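>
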Amino acid sequence: MFAIRERVDIIQLSEELNEVLTRIRRDFDVLEKQNKLIRTHGGME
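Just so you know, the sequence shown maps onto residues 0 to 44 in numbering that gives the first Met the number 0.
#1: May I have the straight-line CA-CA distance separating arginine 6 from threonine 39, to the nearest angstrom?
#2: Rounding to the nearest angstrom, what Cα-Cα distance links arginine 4 and lysine 32 in this structure?
#3: Quick check: the Cα distance between isoleucine 9 and glycine 41, rounded to an integer number of angstroms?
Structure representation (structure tokens):
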């Protein structure tokens, strides 16, 4: 029984980690696009 609960915890943790990583990737994509805009337009708008 203990091993099953532990396994469920690990699965839940990996799902949460996955969500966090997805969020980080999304944020990173946004930053990358902003960076390209700044480089393209010289930071002056």
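The beta carbon of each residue, even a glycine, is placed where N, CA and C say it ideally should be. Because the structure is a prediction, the values reported are computed rather than measured.
The structure says:
#1: Roughly 49 Å separates the two Cα atoms.
#2: One C-alpha to the other measures close to 42 Å.
#3: 46 Å
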